[in-house]
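Just below is one structure, and these are the notes that go with it.
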Amino acid sequence: MAKLRRIDWYLMSVLIRGGRVVTGSSDFVGDILIEGEQISEVGIALDVPDAEVIDAAGKLVLPGGVDPHVHFEMPMGNQVTCDDFTSGTRAAAHGGTTTVIDFAKQGRGESVVRAYDEWMSKLEAHPPMIDVGFHMILSGVRASLGKEMLQIRGEGVSSAKMFMAYPGELMLNDEELFWAMETCVESGVLPMVHAENGGVVQALTGRALREGRLAAKYHSTTRPAAVEDMAVYVAIKIAEMLKTPLYFVHLSSGEAMRLVSDARLEGIPIFGETCPQYLFLDDSVYSGGSADVAKFVFTPPARSVAHQEKLWRGLAANVLSVVSTDHCPFCMVGQKSLAVDFAQIPNGAPGVESRLLLLYGAVLEGRISLSRMVELFASGPAKIFGLYPRKGCLSPRSDADVTILDPSGSTTLSAEWQESTVDYCLFEGLEVSGKIDTVISRGRVVVRNGCVVGPAGHGRYIRRGECASDLL
Ligand code: URP
Ligand code: ZN
Ligand code: ZN
23 MAKLRRIDWY LMSVLIRGGR VVTGSSDFVG DILIEGEQIS EVGIALDVPD AEVIDAAGKL
83 VLPGGVDPHV HFEMPMGNQV TCDDFTSGTR AAAHGGTTTV IDFAKQGRGE SVVRAYDEWM
143 SKLEAHPPMI DVGFHMILSG VRASLGKEML QIRGEGVSSA KMFMAYPGEL MLNDEELFWA
203 METCVESGVL PMVHAENGGV VQALTGRALR EGRLAAKYHS TTRPAAVEDM AVYVAIKIAE
263 MLKTPLYFVH LSSGEAMRLV SDARLEGIPI FGETCPQYLF LDDSVYSGGS ADVAKFVFTP
323 PARSVAHQEK LWRGLAANVL SVVSTDHCPF CMVGQKSLAV DFAQIPNGAP GVESRLLLLY
383 GAVLEGRISL SRMVELFASG PAKIFGLYPR KGCLSPRSDA DVTILDPSGS TTLSAEWQES
443 TVDYCLFEGL EVSGKIDTVI SRGRVVVRNG CVVGPAGHGR YIRRGECASD LL
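If you read the sequence shown in the working numbering, its first letter stands for residue 23, the second for the next number, and so on.
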């Protein structure tokens, strides 16, 4: 019986009628016809008897979001992020995102194939509501790495992150970084870098702890923008030597972004993402001694307004290519609050469901155009991470991943509004214009009238193709 209902659903057509259809390259009032899991037609005044009609008049019809930076059920130190693949993808869908890319983490001295298998088991144990891809986190270089990388590349893991920070856990020294990046190049995998000079962070952290500066706010002073800038410089130079494209995750510093811009002007394919926490929060969140400051312990930390302004200009001018979330949720109760000093607070914050509404606010403020918002939110990450035009696109034969945003509505961002299992919101009480009305994942309505209605298990693992290297 359950099987029959599933087949019925796949055969249904859905007509999204009369919305303002916005992609990175077009903007018109029209209709989208979905048949099964894919878009079959895009046009004006489509007439399809028997289709379920979604009236999108007055609403924005966008490609479903692609969030290439989330951490579900990820161990960090002695804690594990509090969303699993079921709760995390439910939260993502609630925020208009229809594809996420998570990071499988290679244990030190272990095979990346084992890490891939482990993340697949997590996905099977907590089935996702929307589609999921994996990057790999490279925690070390071993003789068999090249062979293993080819194997996971065959499974659609076409990008890998390397950390220049977190000594003793994730950090690669410069020699390891060089070999790891070279192995990526040889395996057809896009290298991604977390750029912070971990040695300098360790020195500043050690001194702060010895001098009794233990409060959460010292997370910020021990990770200044300069440590990001110097790491970005080194990583770009290695990429230049290896003639490889390179993607920087969570850039937060204006100077680091300038280095990316200079490289791009030289024709070097360097890509950068930033995240809402660097665009909508500034370092005033660290003032005062409140226990609440631990909420804002994420890495890199929020920077000054001057950095923020530069990031916005970089987004508008195509220096930065993606706004991801780095959703890395740890609860305040029972996780962050257990720490006795800032260095023990698990690094990371939630964000997977507020990305679109915050970016839409920036459109209304005139910081970026609507089509640029779509590029940063959906089509840009889809292109860079080997998902386009299957994802991030509203064209015939694309997956029917669609987000309908009602500009006449409003939303108050809060822990209560969120679907994530985390117990706080970075933007608690912030009222934003717009309401996410409907979200469709591969033809299935998973959010209706702002409420999540999709089942866990609808989402699938997505094998990604080659990451783009010609998108400067
Ligand atoms: O604070 C953060 N960003 N935690 C997640 C791990 C990372 O560096 O992306
Ligand atoms: Zn990182
Ligand atoms: Zn991250």
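Heads up, the beta-carbon is just placed ideally off N, CA and C, and yes, glycines get one too.
These numbers come from a predicted model, not from an experiment.
Simplified DSSP state of residue i, which is helix, strand or coil
i	result
residue 292	strand
residue 37	strand
residue 506	With the chain represented from 23 up to 494, any question about residue 506 goes unanswered, as that position is not in the structure.
residue 26	The pLDDT assigned to residue 26 is 42, lower than 50, so where the model puts this residue is not dependable; a value taken from the coordinates is nonetheless given after this. Residue 26: helix per DSSP, three-state reduction.
residue 480	coil
residue 382	helix
residue 377	helix
residue 192	coil
residue 298	helix
residue 403	helix
residue 240	helix
residue 414	coil
residue 492	coil
residue 444	coil
residue 487	coil
residue 320	coil
residue 430	strand
residue 495	Since the first and last residues shown for the chain are 23 and 494, residue 495 lies out of range.
residue 163	coil
residue 391	coil
residue 199	helix
residue 304	coil
residue 209	helix
residue 172	helix
residue 313	helix
Cross-strand partners of residue i (DSSP beta bridge)
i	result
residue 60	57, 421
residue 452	435
residue 473	470
residue 66	In DSSP, residue 66 forms no bridge with anything.
residue 462	424, 467
residue 497	Given that the chain is displayed from residue 23 to residue 494, the structure contains no residue 497 and the question cannot be resolved.
residue 371	349
residue 270	215, 294
Where the alpha helix (DSSP H) through residue i begins and ends
i	result
residue 329	327-338
residue 261	247-264
residue 223	220-232
Enclosing beta strand (DSSP E) for residue i [first to last residue]
i	result
residue 183	181-185
residue 284	Not the beta strand (DSSP E): residue 284 falls in the alpha helix (DSSP H), residues 276-287.
residue 159	153-160
residue 212	212-216
residue 398	Premise fails: residue 398 is in no beta strand (DSSP E) and is neither H nor E.
> Near ligand 2, which residues have their beta-carbon closer than 6 Å to a heavy atom?
Replying inline: 216, 271, 272
> Of all the alpha helix (DSSP H) runs that stay within the bounds of the segment 75-150, which reach a length of 4 or more residues?
Replying inline: 107-116, 134-147
> Which full runs of the beta strand (DSSP E) of 3+ residues lie inside the segment 335-368, going along the chain?
Replying inline: none
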